[in-house]
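Chemist:
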Amino acid sequence: MVEKFEELSFTISNGCIGSYVIGGKIEVFIGETKLLFYVKHAVKDETLVPIEIDIENETSKVVYSHSEENHLILIYPVPAKVRSIRNELGLNEDMFRCPTSTHHLSRIFFALSTPVTEKLSKNISYIFYQKIDSISLEKSKQLFKIYEELNLITHLPTVKEPQKVDYIILTYPPNTRGGVSIFMNDFMDLSPGTYLNDAIIHFYIKYIVHEKLSEDQRKRVHAFDSFFYKKLISALDQEELQNKRMSVEDKALIMYSRVSKWDEKINLLEKDFIFVPILQHDHWFLAVICYPRLIGKTLHYDTHVEINVKYDKFSPIIQPCILIFDSLGMDRPHVIKNLRLFLSQRCKAMDTRFELLNFDKNNMPGCYVKVPFQQNYYDCGIYLLQYVENFFSNPIKDYRLPIKNLTKWFDLDVILHKRKFLRDLIELLVQRYEPEKLPLPYINFDNNIMNYEETHNLTSEKGNTTNDANCNLIDLDNPVEKSIFLFELMRII
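One gets the numbering used here by counting positions in the sequence shown from 1 and adding 10 to each.
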(Lines of atoms letter the chains of each structure in order from A and count residues from 1; the text may use other names and numbers.)
(Lines give C-alpha, C1' and ligand atoms only; values in the text may rest on other atoms or scores of the structure.)
Protein backbone atom coordinates (compact mmCIF):
# COMPACT_ATOMS: atom_id res chain seq x y z
CA MET A 1 0.00 0.00 0.00
CA VAL A 2 1.36 3.44 -0.89
CA GLU A 3 1.74 6.34 1.52
CA LYS A 4 -1.30 8.38 0.54
CA PHE A 5 -3.75 8.99 -2.26
CA GLU A 6 -4.18 12.12 -4.35
CA GLU A 7 -7.05 12.71 -6.78
CA LEU A 8 -5.92 12.01 -10.32
CA SER A 9 -6.96 11.73 -13.92
CA PHE A 10 -5.55 10.10 -17.01
CA THR A 11 -6.32 10.17 -20.72
CA ILE A 12 -7.04 7.02 -22.71
CA SER A 13 -5.98 6.60 -26.33
CA ASN A 14 -8.41 3.71 -26.85
CA GLY A 15 -11.17 2.08 -24.88
CA CYS A 16 -14.17 -0.22 -24.99
CA ILE A 17 -16.95 -1.33 -22.68
CA GLY A 18 -17.58 -4.96 -23.48
CA SER A 19 -17.64 -4.93 -27.28
CA TYR A 20 -18.84 -1.33 -27.47
CA VAL A 21 -15.98 0.87 -28.69
CA ILE A 22 -15.85 4.18 -26.83
CA GLY A 23 -12.93 5.66 -28.77
CA GLY A 24 -10.01 7.64 -27.48
CA LYS A 25 -8.91 10.96 -26.02
CA ILE A 26 -11.29 10.43 -23.10
CA GLU A 27 -10.42 11.84 -19.68
CA VAL A 28 -10.93 9.47 -16.75
CA PHE A 29 -11.21 11.03 -13.29
CA ILE A 30 -10.49 8.98 -10.17
CA GLY A 31 -11.29 9.95 -6.59
CA GLU A 32 -10.58 7.91 -3.49
CA THR A 33 -13.98 6.21 -3.73
CA LYS A 34 -15.18 6.54 -7.31
CA LEU A 35 -14.23 6.64 -10.98
CA LEU A 36 -15.86 8.92 -13.57
CA PHE A 37 -15.64 9.27 -17.34
CA TYR A 38 -17.90 10.39 -20.20
CA VAL A 39 -18.96 8.20 -23.13
CA LYS A 40 -20.98 8.97 -26.24
CA HIS A 41 -24.50 7.58 -26.16
CA ALA A 42 -24.84 4.65 -28.57
CA VAL A 43 -27.73 6.23 -30.52
CA LYS A 44 -27.48 9.95 -29.78
CA ASP A 45 -23.93 10.22 -30.99
CA GLU A 46 -23.39 13.83 -29.90
CA THR A 47 -24.65 13.20 -26.36
CA LEU A 48 -22.10 12.44 -23.64
CA VAL A 49 -23.22 10.19 -20.79
CA PRO A 50 -21.41 10.34 -17.41
CA ILE A 51 -20.37 6.85 -16.25
CA GLU A 52 -19.68 6.86 -12.51
CA ILE A 53 -18.43 3.71 -10.76
CA ASP A 54 -18.19 3.17 -7.01
CA ILE A 55 -14.78 1.52 -6.72
CA GLU A 56 -15.53 -0.33 -3.49
CA ASN A 57 -19.04 -1.59 -4.20
CA GLU A 58 -19.38 -1.71 -7.99
CA THR A 59 -16.17 -3.44 -9.10
CA SER A 60 -15.11 -7.05 -8.53
CA LYS A 61 -11.64 -7.07 -10.07
CA VAL A 62 -9.13 -4.81 -11.81
CA VAL A 63 -6.28 -5.90 -14.09
CA TYR A 64 -3.47 -3.35 -14.41
CA SER A 65 -0.25 -3.30 -16.40
CA HIS A 66 2.15 -0.60 -17.48
CA SER A 67 5.42 -0.51 -19.34
CA GLU A 68 7.23 1.77 -21.76
CA GLU A 69 5.15 0.31 -24.61
CA ASN A 70 1.72 -0.48 -23.18
CA HIS A 71 -0.41 0.90 -20.36
CA LEU A 72 -3.77 -0.75 -19.70
CA ILE A 73 -6.49 -1.00 -17.08
CA LEU A 74 -9.19 -3.67 -17.31
CA ILE A 75 -12.13 -3.11 -14.94
CA TYR A 76 -14.71 -5.76 -14.04
CA PRO A 77 -17.98 -4.12 -12.88
CA VAL A 78 -20.43 -6.15 -10.79
CA PRO A 79 -23.50 -7.45 -12.69
CA ALA A 80 -25.85 -4.79 -11.29
CA LYS A 81 -23.52 -2.05 -12.54
CA VAL A 82 -23.30 -3.74 -15.93
CA ARG A 83 -27.06 -3.47 -16.29
CA SER A 84 -27.01 0.14 -15.13
CA ILE A 85 -24.34 1.19 -17.65
CA ARG A 86 -26.12 -0.70 -20.42
CA ASN A 87 -29.31 1.27 -19.75
CA GLU A 88 -27.49 4.61 -19.52
CA LEU A 89 -25.77 4.09 -22.87
CA GLY A 90 -28.80 2.63 -24.65
CA LEU A 91 -27.26 -0.78 -25.39
CA ASN A 92 -28.84 -4.20 -25.60
CA GLU A 93 -27.32 -7.16 -23.78
CA ASP A 94 -25.47 -8.63 -26.75
CA MET A 95 -23.82 -5.34 -27.59
CA PHE A 96 -22.67 -4.70 -24.07
CA ARG A 97 -21.46 -8.16 -23.10
CA CYS A 98 -17.77 -8.87 -23.28
CA PRO A 99 -16.86 -11.40 -25.98
CA THR A 100 -13.81 -12.37 -23.92
CA SER A 101 -15.89 -13.78 -21.08
CA THR A 102 -17.72 -17.10 -21.02
CA HIS A 103 -20.03 -15.64 -18.38
CA HIS A 104 -20.91 -12.63 -20.56
CA LEU A 105 -19.80 -10.23 -17.84
CA SER A 106 -18.68 -6.96 -19.38
CA ARG A 107 -15.24 -5.52 -18.88
CA ILE A 108 -14.12 -1.94 -19.32
CA PHE A 109 -10.82 -1.68 -21.20
CA PHE A 110 -8.66 1.46 -21.02
CA ALA A 111 -5.48 1.93 -23.04
CA LEU A 112 -3.73 4.88 -21.43
CA SER A 113 -2.11 7.63 -23.46
CA THR A 114 -1.12 9.65 -20.38
CA PRO A 115 2.54 9.00 -19.49
CA VAL A 116 2.45 6.60 -16.53
CA THR A 117 4.69 8.20 -13.94
CA GLU A 118 5.69 6.42 -10.76
CA LYS A 119 3.28 8.66 -8.84
CA LEU A 120 0.35 7.84 -11.15
CA SER A 121 1.13 4.14 -10.94
CA LYS A 122 1.25 4.24 -7.13
CA ASN A 123 -2.08 6.05 -6.93
CA ILE A 124 -3.78 3.61 -9.30
CA SER A 125 -2.41 0.74 -7.23
CA TYR A 126 -3.63 2.44 -4.06
CA ILE A 127 -7.26 2.93 -5.03
CA PHE A 128 -7.62 -0.59 -6.42
CA TYR A 129 -5.24 -2.27 -3.98
CA GLN A 130 -7.79 -4.80 -2.64
CA LYS A 131 -8.94 -5.85 -6.11
CA ILE A 132 -5.96 -5.27 -8.37
CA ASP A 133 -4.36 -8.08 -10.35
CA SER A 134 -1.14 -7.14 -12.13
CA ILE A 135 -0.12 -8.98 -15.29
CA SER A 136 3.24 -9.36 -16.96
CA LEU A 137 4.49 -7.29 -19.87
CA GLU A 138 4.21 -10.30 -22.18
CA LYS A 139 0.58 -10.93 -21.24
CA SER A 140 -0.15 -7.23 -21.61
CA LYS A 141 1.21 -7.29 -25.17
CA GLN A 142 -0.86 -10.36 -25.98
CA LEU A 143 -3.99 -8.72 -24.62
CA PHE A 144 -3.39 -5.59 -26.69
CA LYS A 145 -2.82 -7.74 -29.77
CA ILE A 146 -6.10 -9.60 -29.31
CA TYR A 147 -8.10 -6.41 -28.88
CA GLU A 148 -6.42 -4.88 -31.94
CA GLU A 149 -7.08 -7.93 -34.13
CA LEU A 150 -10.76 -7.73 -33.25
CA ASN A 151 -10.83 -4.01 -34.07
CA LEU A 152 -11.75 -3.04 -30.52
CA ILE A 153 -8.75 -0.73 -30.25
CA THR A 154 -6.32 0.79 -32.70
CA HIS A 155 -2.99 2.55 -32.47
CA LEU A 156 -3.86 6.18 -33.14
CA PRO A 157 -1.20 8.30 -34.88
CA THR A 158 -0.12 11.42 -33.05
CA VAL A 159 -0.70 14.54 -35.14
CA LYS A 160 1.11 17.67 -34.07
CA GLU A 161 -1.03 20.73 -34.59
CA PRO A 162 0.63 23.70 -36.28
CA GLN A 163 1.49 26.58 -33.98
CA LYS A 164 -0.88 29.50 -34.11
CA VAL A 165 0.11 33.14 -34.09
CA ASP A 166 -0.80 34.49 -30.66
CA TYR A 167 -1.05 38.04 -29.33
CA ILE A 168 -2.69 39.98 -26.51
CA ILE A 169 -6.20 41.25 -27.27
CA LEU A 170 -7.10 42.60 -23.80
CA THR A 171 -5.55 43.38 -20.43
CA TYR A 172 -8.08 43.65 -17.61
CA PRO A 173 -8.30 45.75 -15.54
CA PRO A 174 -6.43 48.16 -17.82
CA ASN A 175 -3.54 50.31 -16.61
CA THR A 176 -3.37 48.60 -13.22
CA ARG A 177 -0.86 46.34 -11.56
CA GLY A 178 -1.98 42.72 -11.61
CA GLY A 179 -4.10 42.99 -14.75
CA VAL A 180 -4.86 39.76 -16.60
CA SER A 181 -3.68 39.56 -20.21
CA ILE A 182 -5.98 37.63 -22.54
CA PHE A 183 -4.33 36.26 -25.67
CA MET A 184 -6.09 35.33 -28.88
CA ASN A 185 -5.62 31.63 -28.12
CA ASP A 186 -7.23 32.17 -24.70
CA PHE A 187 -10.19 33.78 -26.42
CA MET A 188 -10.54 30.87 -28.86
CA ASP A 189 -10.62 28.45 -25.91
CA LEU A 190 -14.18 29.69 -25.37
CA SER A 191 -15.15 27.46 -28.30
CA PRO A 192 -17.53 24.63 -27.32
CA GLY A 193 -15.81 21.40 -26.35
CA THR A 194 -12.63 23.16 -25.20
CA TYR A 195 -11.22 23.47 -21.68
CA LEU A 196 -10.98 27.01 -20.32
CA ASN A 197 -7.45 28.04 -19.46
CA ASP A 198 -6.17 30.03 -16.50
CA ALA A 199 -6.36 33.42 -18.25
CA ILE A 200 -10.14 33.22 -18.74
CA ILE A 201 -10.60 31.95 -15.17
CA HIS A 202 -8.52 34.79 -13.71
CA PHE A 203 -10.14 37.38 -15.95
CA TYR A 204 -13.75 36.64 -15.07
CA ILE A 205 -13.11 36.35 -11.33
CA LYS A 206 -11.41 39.76 -11.46
CA TYR A 207 -14.30 41.11 -13.51
CA ILE A 208 -16.83 39.94 -10.92
CA VAL A 209 -14.84 41.47 -8.06
CA HIS A 210 -14.22 44.79 -9.85
CA GLU A 211 -17.56 45.26 -11.61
CA LYS A 212 -20.17 43.42 -9.55
CA LEU A 213 -19.12 44.17 -5.96
CA SER A 214 -19.34 47.39 -4.01
CA GLU A 215 -16.17 49.03 -2.72
CA ASP A 216 -16.91 47.73 0.78
CA GLN A 217 -17.42 44.20 -0.54
CA ARG A 218 -14.17 44.32 -2.50
CA LYS A 219 -12.26 45.15 0.67
CA ARG A 220 -13.57 41.97 2.29
CA VAL A 221 -12.74 39.63 -0.60
CA HIS A 222 -9.46 38.27 -1.94
CA ALA A 223 -8.95 35.95 -4.90
CA PHE A 224 -5.74 34.05 -5.59
CA ASP A 225 -4.97 32.93 -9.11
CA SER A 226 -4.68 29.25 -10.00
CA PHE A 227 -0.88 29.37 -9.89
CA PHE A 228 -1.04 29.95 -6.13
CA TYR A 229 -2.23 26.47 -5.18
CA LYS A 230 -0.04 24.84 -7.81
CA LYS A 231 2.97 26.58 -6.28
CA LEU A 232 1.85 25.75 -2.73
CA ILE A 233 1.86 22.00 -3.36
CA SER A 234 4.89 22.01 -5.67
CA ALA A 235 7.03 21.04 -2.68
CA LEU A 236 5.00 17.88 -2.10
CA ASP A 237 6.85 16.03 -4.85
CA GLN A 238 10.23 16.89 -3.43
CA GLU A 239 12.31 14.13 -1.88
CA GLU A 240 12.55 15.93 1.47
CA LEU A 241 8.78 15.81 1.91
CA GLN A 242 8.80 12.02 1.47
CA ASN A 243 10.84 11.75 4.66
CA LYS A 244 8.48 10.09 7.13
CA ARG A 245 10.50 11.38 10.08
CA MET A 246 9.81 14.98 9.16
CA SER A 247 7.13 16.60 11.31
CA VAL A 248 3.93 18.06 9.91
CA GLU A 249 5.12 21.47 11.10
CA ASP A 250 8.38 21.18 9.14
CA LYS A 251 6.54 20.06 6.02
CA ALA A 252 4.14 22.98 6.40
CA LEU A 253 7.10 25.38 6.58
CA ILE A 254 8.54 23.97 3.36
CA MET A 255 5.19 24.32 1.60
CA TYR A 256 4.69 27.84 2.88
CA SER A 257 8.18 28.91 1.79
CA ARG A 258 7.03 28.45 -1.82
CA VAL A 259 4.26 31.04 -1.48
CA SER A 260 5.40 33.19 1.44
CA LYS A 261 5.71 36.27 -0.81
CA TRP A 262 2.37 35.63 -2.53
CA ASP A 263 0.17 38.65 -1.78
CA GLU A 264 2.05 38.99 1.50
CA LYS A 265 0.95 42.61 2.01
CA ILE A 266 -2.69 41.56 2.15
CA ASN A 267 -4.02 40.79 5.61
CA LEU A 268 -6.06 37.66 4.99
CA LEU A 269 -7.50 37.81 8.51
CA GLU A 270 -9.41 40.94 7.53
CA LYS A 271 -11.28 39.12 4.76
CA ASP A 272 -14.67 37.47 4.68
CA PHE A 273 -13.86 35.26 1.71
CA ILE A 274 -10.68 34.02 0.05
CA PHE A 275 -11.19 32.39 -3.36
CA VAL A 276 -8.75 29.72 -4.54
CA PRO A 277 -9.38 28.41 -8.09
CA ILE A 278 -7.59 25.09 -8.49
CA LEU A 279 -6.56 23.14 -11.57
CA GLN A 280 -5.58 19.53 -10.87
CA HIS A 281 -5.30 16.75 -13.43
CA ASP A 282 -6.97 18.92 -16.10
CA HIS A 283 -9.99 19.59 -13.89
CA TRP A 284 -11.06 22.97 -12.48
CA PHE A 285 -12.71 23.31 -9.08
CA LEU A 286 -13.04 26.02 -6.43
CA ALA A 287 -12.06 26.32 -2.77
CA VAL A 288 -13.35 29.21 -0.66
CA ILE A 289 -11.94 30.05 2.77
CA CYS A 290 -14.87 31.64 4.57
CA TYR A 291 -14.78 34.23 7.36
CA PRO A 292 -11.11 34.16 8.33
CA ARG A 293 -11.72 37.61 9.89
CA LEU A 294 -13.63 35.88 12.70
CA ILE A 295 -10.48 33.96 13.49
CA GLY A 296 -8.46 37.15 13.50
CA LYS A 297 -10.78 38.94 15.91
CA THR A 298 -10.84 36.00 18.28
CA LEU A 299 -7.12 35.31 18.22
CA HIS A 300 -6.10 38.91 18.85
CA TYR A 301 -7.42 38.40 22.36
CA ASP A 302 -6.78 34.71 22.89
CA THR A 303 -4.30 32.38 21.18
CA HIS A 304 -6.50 29.39 21.98
CA VAL A 305 -7.15 27.86 18.57
CA GLU A 306 -10.71 26.63 18.99
CA ILE A 307 -13.35 28.94 17.56
CA ASN A 308 -16.67 28.59 19.37
CA VAL A 309 -19.62 29.78 17.30
CA LYS A 310 -22.77 30.22 19.38
CA TYR A 311 -26.08 29.82 17.64
CA ASP A 312 -29.55 28.53 18.31
CA LYS A 313 -31.16 25.66 16.46
CA PHE A 314 -32.90 27.72 13.80
CA SER A 315 -30.97 30.97 13.30
CA PRO A 316 -28.57 31.22 10.33
CA ILE A 317 -24.92 31.42 11.36
CA ILE A 318 -21.56 32.42 9.95
CA GLN A 319 -18.38 30.58 10.92
CA PRO A 320 -14.83 30.03 9.66
CA CYS A 321 -14.74 27.11 7.23
CA ILE A 322 -13.35 25.91 3.91
CA LEU A 323 -15.88 25.08 1.20
CA ILE A 324 -15.13 22.98 -1.89
CA PHE A 325 -17.24 23.52 -5.02
CA ASP A 326 -16.53 20.71 -7.50
CA SER A 327 -18.64 20.01 -10.58
CA LEU A 328 -17.56 16.35 -10.45
CA GLY A 329 -18.46 15.98 -6.77
CA MET A 330 -15.01 14.63 -5.86
CA ASP A 331 -13.70 14.59 -2.29
CA ARG A 332 -10.68 16.87 -1.82
CA PRO A 333 -9.35 16.18 1.72
CA HIS A 334 -5.77 17.08 0.80
CA VAL A 335 -6.84 20.46 -0.56
CA ILE A 336 -8.57 21.37 2.70
CA LYS A 337 -5.58 20.15 4.71
CA ASN A 338 -3.09 22.11 2.58
CA LEU A 339 -5.11 25.34 2.82
CA ARG A 340 -5.28 24.96 6.60
CA LEU A 341 -1.50 24.56 6.72
CA PHE A 342 -1.02 27.64 4.55
CA LEU A 343 -3.37 29.78 6.63
CA SER A 344 -1.69 28.66 9.87
CA GLN A 345 1.75 29.60 8.58
CA ARG A 346 0.53 32.92 7.18
CA CYS A 347 -0.95 33.86 10.58
CA LYS A 348 2.28 32.95 12.36
CA ALA A 349 4.28 35.02 9.89
CA MET A 350 1.99 38.00 10.52
CA ASP A 351 2.07 38.04 14.33
CA THR A 352 4.03 36.17 16.99
CA ARG A 353 0.84 35.87 19.04
CA PHE A 354 -0.26 33.24 16.54
CA GLU A 355 2.81 31.09 17.18
CA LEU A 356 0.81 28.20 18.64
CA LEU A 357 -1.97 28.41 16.10
CA ASN A 358 -2.76 25.33 14.04
CA PHE A 359 -5.98 25.01 12.09
CA ASP A 360 -7.83 21.71 12.10
CA LYS A 361 -11.31 20.32 11.50
CA ASN A 362 -12.55 21.84 14.77
CA ASN A 363 -11.61 25.47 14.24
CA MET A 364 -11.60 25.44 10.42
CA PRO A 365 -13.98 22.67 9.27
CA GLY A 366 -14.21 21.68 5.62
CA CYS A 367 -17.30 20.93 3.57
CA TYR A 368 -17.87 19.51 0.08
CA VAL A 369 -20.85 21.50 -1.13
CA LYS A 370 -23.41 19.67 -3.27
CA VAL A 371 -23.75 21.94 -6.29
CA PRO A 372 -24.92 21.51 -9.91
CA PHE A 373 -22.72 18.94 -11.66
CA GLN A 374 -21.24 19.30 -15.13
CA GLN A 375 -22.96 17.44 -17.96
CA ASN A 376 -19.83 16.78 -20.03
CA TYR A 377 -16.08 16.41 -19.58
CA TYR A 378 -14.92 19.90 -20.62
CA ASP A 379 -17.09 22.53 -18.87
CA CYS A 380 -15.49 22.34 -15.41
CA GLY A 381 -14.03 25.86 -15.82
CA ILE A 382 -17.44 27.25 -16.80
CA TYR A 383 -18.97 25.74 -13.66
CA LEU A 384 -16.19 27.17 -11.49
CA LEU A 385 -16.90 30.67 -12.79
CA GLN A 386 -20.63 30.24 -12.22
CA TYR A 387 -19.97 29.12 -8.64
CA VAL A 388 -18.04 32.35 -8.03
CA GLU A 389 -20.75 34.46 -9.66
CA ASN A 390 -23.58 32.83 -7.71
CA PHE A 391 -21.60 33.11 -4.50
CA PHE A 392 -22.37 36.84 -4.67
CA SER A 393 -25.57 37.00 -6.71
CA ASN A 394 -27.32 34.25 -4.73
CA PRO A 395 -25.26 34.07 -1.53
CA ILE A 396 -25.23 31.34 1.08
CA LYS A 397 -27.27 32.54 4.04
CA ASP A 398 -26.49 29.85 6.60
CA TYR A 399 -22.96 28.52 7.13
CA ARG A 400 -24.08 25.69 9.35
CA LEU A 401 -22.38 22.61 7.90
CA PRO A 402 -23.09 20.80 5.71
CA ILE A 403 -24.22 23.57 3.38
CA LYS A 404 -27.61 22.64 1.94
CA ASN A 405 -30.00 23.58 -0.86
CA LEU A 406 -27.41 24.38 -3.56
CA THR A 407 -28.01 21.43 -5.91
CA LYS A 408 -30.24 23.78 -7.94
CA TRP A 409 -28.17 26.90 -7.29
CA PHE A 410 -28.50 27.90 -10.94
CA ASP A 411 -30.24 26.58 -14.02
CA LEU A 412 -28.20 24.61 -16.54
CA ASP A 413 -29.33 27.02 -19.25
CA VAL A 414 -26.99 29.55 -17.63
CA ILE A 415 -24.10 27.17 -18.28
CA LEU A 416 -25.34 26.54 -21.80
CA HIS A 417 -24.98 30.22 -22.75
CA LYS A 418 -21.98 31.08 -20.55
CA ARG A 419 -19.32 30.66 -23.22
CA LYS A 420 -21.16 33.01 -25.55
CA PHE A 421 -21.67 35.45 -22.67
CA LEU A 422 -17.93 35.46 -21.95
CA ARG A 423 -17.14 35.89 -25.64
CA ASP A 424 -19.47 38.89 -25.91
CA LEU A 425 -18.14 40.38 -22.67
CA ILE A 426 -14.53 40.20 -23.84
CA GLU A 427 -15.49 41.74 -27.17
CA LEU A 428 -17.27 44.57 -25.34
CA LEU A 429 -14.21 45.25 -23.17
CA VAL A 430 -11.89 45.12 -26.19
CA GLN A 431 -14.13 47.66 -27.92
CA ARG A 432 -13.95 49.86 -24.82
CA TYR A 433 -10.23 49.64 -24.05
CA GLU A 434 -8.42 48.35 -27.15
CA PRO A 435 -10.68 48.90 -30.18
CA GLU A 436 -7.78 48.55 -32.60
CA LYS A 437 -7.83 44.79 -31.84
CA LEU A 438 -11.29 44.40 -33.39
CA PRO A 439 -12.84 42.51 -35.08
CA LEU A 440 -12.46 39.30 -33.07
CA PRO A 441 -12.87 35.88 -34.72
CA TYR A 442 -16.33 34.34 -34.94
CA ILE A 443 -17.08 31.39 -32.62
CA ASN A 444 -19.98 29.08 -33.44
CA PHE A 445 -22.00 28.16 -30.33
CA ASP A 446 -24.93 26.51 -32.14
CA ASN A 447 -23.61 22.95 -31.74
CA ASN A 448 -23.04 23.55 -28.04
CA ILE A 449 -26.72 24.46 -27.59
CA MET A 450 -27.83 21.42 -29.60
CA ASN A 451 -25.67 19.06 -27.53
CA TYR A 452 -27.05 20.39 -24.27
CA GLU A 453 -30.61 20.01 -25.47
CA GLU A 454 -29.93 16.40 -26.39
CA THR A 455 -28.39 15.80 -22.97
CA HIS A 456 -31.53 17.14 -21.27
CA ASN A 457 -33.69 14.88 -23.43
CA LEU A 458 -31.50 11.91 -22.56
CA THR A 459 -31.82 12.65 -18.85
CA SER A 460 -35.60 12.70 -19.07
CA GLU A 461 -35.57 9.37 -20.92
CA LYS A 462 -32.99 7.71 -18.67
CA GLY A 463 -33.55 4.01 -18.29
CA ASN A 464 -34.80 3.39 -21.84
CA THR A 465 -32.78 0.94 -23.94
CA THR A 466 -32.48 0.38 -27.66
CA ASN A 467 -31.50 -2.40 -30.02
CA ASP A 468 -30.36 -0.10 -32.82
CA ALA A 469 -27.05 1.21 -31.48
CA ASN A 470 -24.30 1.65 -34.03
CA CYS A 471 -20.98 0.35 -32.69
CA ASN A 472 -18.10 -1.90 -33.67
CA LEU A 473 -18.93 -5.49 -32.65
CA ILE A 474 -17.10 -8.78 -32.66
CA ASP A 475 -18.76 -11.47 -34.76
CA LEU A 476 -19.97 -13.69 -31.92
CA ASP A 477 -21.75 -15.94 -34.40
CA ASN A 478 -18.43 -17.01 -35.85
CA PRO A 479 -17.57 -20.09 -33.71
CA VAL A 480 -13.92 -20.20 -34.78
CA GLU A 481 -13.24 -16.55 -33.98
CA LYS A 482 -15.14 -16.76 -30.72
CA SER A 483 -13.46 -19.96 -29.53
CA ILE A 484 -9.95 -18.78 -30.35
CA PHE A 485 -10.55 -15.44 -28.71
CA LEU A 486 -11.99 -16.94 -25.50
CA PHE A 487 -9.20 -19.48 -25.27
CA GLU A 488 -6.46 -16.88 -25.76
CA LEU A 489 -7.90 -14.46 -23.23
CA MET A 490 -8.57 -17.09 -20.56
CA ARG A 491 -4.97 -18.23 -20.99
CA ILE A 492 -3.66 -14.69 -20.56
CA ILE A 493 -5.68 -13.71 -17.49
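Even glycine gets a Cβ: it sits at the ideal position worked out from N, Cα and C.
1. To the nearest angstrom, how far is the alpha carbon of I36 from that of Y86?
2. Compute the Euclidean distance between the alpha carbons of P89 and S75, then round it to the nearest angstrom.
3. Using DSSP's beta-bridge definition, name the partner residues of D24.
4. Give the DSSP bridge partners of S191, in chain order.
5. Put D143 into one of helix, strand or coil per three-state DSSP.
6. Taking the straight line between their C-alpha atoms, what separation do you get for S131 and F20?
7. Between which two residues does the alpha helix (DSSP H) holding I276 run?
8. If you draw a straight line from the alpha carbon of R117 to that of K71, how long is it in whole angstroms?
9. Determine the DSSP secondary structure at G33, reduced to helix, strand or coil.
10. Quick one, are the C-beta atoms of V269 and K241 less than 8 Å apart?
11. Name the residue from L99, S325, T69 whose alpha carbon lies nearest to the alpha carbon of K91.
12. Which value, in whole angstroms, describes the spacing of the CA atoms of Y452 and L438?
13. Is it buried or exposed for Y177, if we count other Cβ within 10 angstroms and need 16 for buried?
14. Note the first and the last residue of the continuous alpha helix (DSSP H) segment covering H81.
15. How close, in whole Å, do the beta carbons of D389 and I425 come, if the pair is a contact with beta carbons under 8 Å?
16. Report the start-end ranges of each beta strand (DSSP E) in the segment 349-430 that is 3 residues or longer and not cut off at the edges.
17. Compare the Cα-Cα distances from D456 to each of N97, V38, P60, S201 and report the closest residue.
18. For a test of the three-state rule: what should DSSP assign to Y74, helix, strand or coil?
19. If you reduce the DSSP assignment to three classes, tell me which class I327 lands in.
20. What's the gap between the Cα of V188 and the Cα of E98?
21. Excluding sequence positions up to five away, which residues of its chain have a Cβ less than 8 Å from the Cβ of N400?
22. Could you tell me the distance, in whole angstroms, from the CA atom of K271 to the CA atom of F364?
23. For a test of your reading of the model: does the CB of P60 fall under 7 Å from any non-hydrogen atom of the ligand COA? Yes or no.
24. Nearest-angstrom Cα distance between F383 and T362?
25. In three-state terms, what does DSSP make of F238?
Modeler: Working from what's here:
1. Taking the sequence shown and counting its residues from 1, one reaches residue 36 at position 26. Taking the sequence shown and counting its residues from 1, one reaches residue 86 at position 76. I36 and Y86: Cα-Cα distance of roughly 19 Å.
2. What you label residue 89 is simply residue 79 of the sequence shown in a count that begins at 1. What you label residue 75 is simply residue 65 of the sequence shown in a count that begins at 1. Taking the straight line joining both Cα atoms gives about 24 Å.
3. Taking the first residue of the sequence shown as 1, we reach residue 24 at position 14. In the sequence under discussion, the amino acid at residue 24 is Asn, which differs from the Asp named in the question. In DSSP, N24 forms a bridge with A121.
4. Walking along the sequence shown from the start, residue 191 turns up at place 181. Per DSSP, the beta bridge partners of S191 are T181.
5. The count along the sequence shown starts at 1 and reaches residue 143 at position 133. Here D143 sits in strand by DSSP.
6. Counted from its first residue, the sequence shown places residue 131 at position 121. Counted from its first residue, the sequence shown places residue 20 at position 10. Between the alpha carbons of S131 and F20 lies a gap of roughly 11 Å.
7. Your numbering for residue 276 matches position 266 in the sequence shown. Premise fails: I276 is in no alpha helix (DSSP H) and is neither H nor E.
8. Translated into the one-based positions of the sequence shown, residue 117 becomes position 107. Translated into the one-based positions of the sequence shown, residue 71 becomes position 61. Distance from the CA atom of R117 to the CA atom of K71, rounded to whole angstroms, is 10 Å.
9. Residue 33 sits at position 23 when you count from the first residue of the sequence shown. Correct three-state label for G33: coil.
10. Here residue 269 refers to the residue found at position 259 of the sequence shown. Here residue 241 refers to the residue found at position 231 of the sequence shown. V269 places its beta carbon less than 8 Å from that of K241.
11. Reading the sequence shown from its first residue, position 81 is the one you call residue 91. T69 is the residue among L99, S325, T69 whose C-alpha sits nearest the C-alpha of K91.
12. Against the sequence shown, residue 452 aligns to sequence position 442. Against the sequence shown, residue 438 aligns to sequence position 428. So the two alpha carbons sit approximately 14 Å from each other.
13. Numbered from 1 along the sequence shown, position 167 holds the residue referred to as residue 177. Around the beta carbon of Y177, fewer than 16 other beta carbons sit within 10 angstroms, so the residue counts as exposed.
14. Your numbering for residue 81 matches position 71 in the sequence shown. Residue range 81-87 is occupied by the beta strand (DSSP E) that includes H81, with no alpha helix (DSSP H) assigned at that position.
15. Locating residue 389 in the sequence shown gives position 379, counting from the first residue. Locating residue 425 in the sequence shown gives position 415, counting from the first residue. Correct: roughly 6 Å between the Cβ atoms.
16. Within the segment 349-430, the complete beta strand (DSSP E) runs of at least 3 residues are 376-379.
17. Locating residue 456 in the sequence shown gives position 446, where the first residue counts as 1. The shortest Cα separation from D456 among N97, V38, P60, S201 belongs to S201.
18. The count along the sequence shown starts at 1 and reaches residue 74 at position 64. Residue state, collapsed to three classes: strand.
19. The residue labelled residue 327 in the question sits at position 317 within the sequence shown. I327 sits in coil when the DSSP states are folded into three classes, being neither helix nor strand.
20. Mapped onto the sequence shown, residue 188 falls at position 178. Mapped onto the sequence shown, residue 98 falls at position 88. Strictly speaking, residue 188 in this sequence is Gly, with Val absent from that position. The straight-line gap from Cα to Cα measures roughly 47 Å.
21. For this step, residue 400 is matched to residue 390 along the sequence shown. Answer for N400: W419, F420, listed in chain order.
22. In the sequence shown, residue 271 corresponds to position 261, counting from 1. In the sequence shown, residue 364 corresponds to position 354, counting from 1. Distance between the alpha carbons of K271 and F364: 19 Å.
23. Of ligands this structure carries none, so the ligand COA is not represented either.
24. For the purposes of this step, residue 383 is identified with residue 373 of the sequence shown, where counting begins at 1. For the purposes of this step, residue 362 is identified with residue 352 of the sequence shown, where counting begins at 1. Rounded to whole angstroms, F383 to T362 spans 43 Å at the Cα level.
25. Taking the sequence shown and counting its residues from 1, the one referred to as residue 238 is at position 228. Under the three-state reduction of DSSP output, F238 falls in the helix class.
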